[in-house]
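Peer 1: Residue numbers (the numbering used here): 12 to 214. What follows is a structure written as structure tokens; I'll ask about it next.
Written out as structure tokens, the structure is:
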């Protein structure tokens with residue numbers, strides 16, 4: 012990939028996600044680039060335009076999560092974002108977070124397999140998987156201080172905390188508070204305000 016070519020696309024996606032979270036303007040969700048803009052995709056957009064926006068959201072989410080004390084080894088330990096089942100997304104995200112921080116902590120990504128241990132992971136995106144694999148990942152991560160993110164339709168099996176959904180070219184996200192509470196994490200109010208839907212009990 013050409014870093015110079017990719018930079019404008021990365022900056023645009025980050026601004027989109029940042030606007031939604033920082034301004035909490037529900038009427039202006041992140042829009043997936045299609046049509047004329049999709050005819051000349053940047054090198055970082057890969058085959059799915061929505062990946063660019065998902066990566067930007069994951070980057071911005073890190074700044075709206077509070078982890079329990081003792082999770083990080085030191086004050087400058089990185090926030091590790093694991094990605095399972097979507098190598099393209101991990102590649103985009105890894106470029107996006109170079110030199111970036113959240114709460115003074117650097118951000119790094121980790122490309123993972125479903126059976127990999129979760130030690131040292133603070134956020135986890137899980138891509139499309141079969142039901143048995145999703146259940147195994149959910150069992151492994153449940154109750155741990157890890158922000159689990161998935162696409163819509165997987166949240167019940169995986170017990171994910173945030174789920175993405177593409178609606179009329181707008182990438183939105185829902186938040187489930189029950190798994191958040193059991194993990195010991197805290198989400199800042201602005202993230203909840205920006206969510207399309209907040210589920211407070213069982214879905």
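We put the CB at the ideal spot given by N, CA and C, even for glycine.
Mind checking which residues open and close the alpha helix (DSSP H) that includes residue 82?
Peer 2: Where residue 82 is concerned, there is no enclosing alpha helix (DSSP H), given that its DSSP letter is neither H nor E.
Peer 1: I need the straight-line Cα distance from residue 275 to residue 182, nearest angstrom please.
Peer 2: Outside the displayed span of the chain (12 to 214) sits residue 275, for which this structure offers no information.
Peer 1: Taking 7 Å as the cut-off, decide whether the C-beta atoms of residue 66 and residue 118 are in contact.
Peer 2: It is not a contact, given that the beta carbons lie outside the stated cut-off.
Peer 1: Report the residue from 197, 176, 194, 190 whose alpha carbon sits nearest the alpha carbon of residue 208.
Peer 2: It is 176.
Peer 1: Would residue 154 pass as a contact of residue 169 if the rule is Cβ separation under 7 Å?
Peer 2: No, Cβ-Cβ distance for residue 154 and residue 169 is not below 7 Å.
Peer 1: Using the three-state DSSP reduction, which class does residue 69 fall into: helix, strand or coil?
Peer 2: Residue 69 falls in the helix class under three-state DSSP.
Peer 1: Using the Cα positions of residue 113 and residue 187, report the straight-line distance between them to the nearest angstrom.
Peer 2: Their Cα atoms are separated by approximately 22 Å.
Peer 1: Which class does residue 159 belong to by DSSP, given the choice of helix, strand or coil?
Peer 2: Here residue 159 sits in strand by DSSP.
Peer 1: With H, G and I counted as helix, E and B as strand and the rest as coil, what does DSSP make of residue 191?
Peer 2: It is helical.
Peer 1: Check whether the Cβ atoms of residue 135 and residue 159 sit closer than 7 Å, and answer yes or no.
Peer 2: Taking 7 Å as the Cβ cut-off, residue 135 and residue 159 qualify as a contacting pair.
Peer 1: Can you tell me the Cα-Cα spacing of residue 116 and residue 212, whole angstroms?
Peer 2: Answer to the nearest angstrom: the Cα atoms are 32 Å apart.
Peer 1: Using DSSP's beta-bridge definition, name the partner residues of residue 103.
Peer 2: Paired residue(s): none; residue 103 is not in a bridge.
Peer 1: Give the DSSP bridge partners of residue 93, in chain order.
Peer 2: Paired residue(s): 121, 135.
Peer 1: Taking all protein chains shown into account, do 16 or more other C-beta atoms lie within 10 angstroms of the C-beta of residue 73, making it buried, or fewer, making it exposed?
Peer 2: With 16 or more Cβ atoms within 10 Å of its Cβ, residue 73 is classed as buried.
Peer 1: Starting from residue 150, trace the alpha helix (DSSP H) both ways and give me its first and last residue.
Peer 2: Element bounds for residue 150: 142 to 152.
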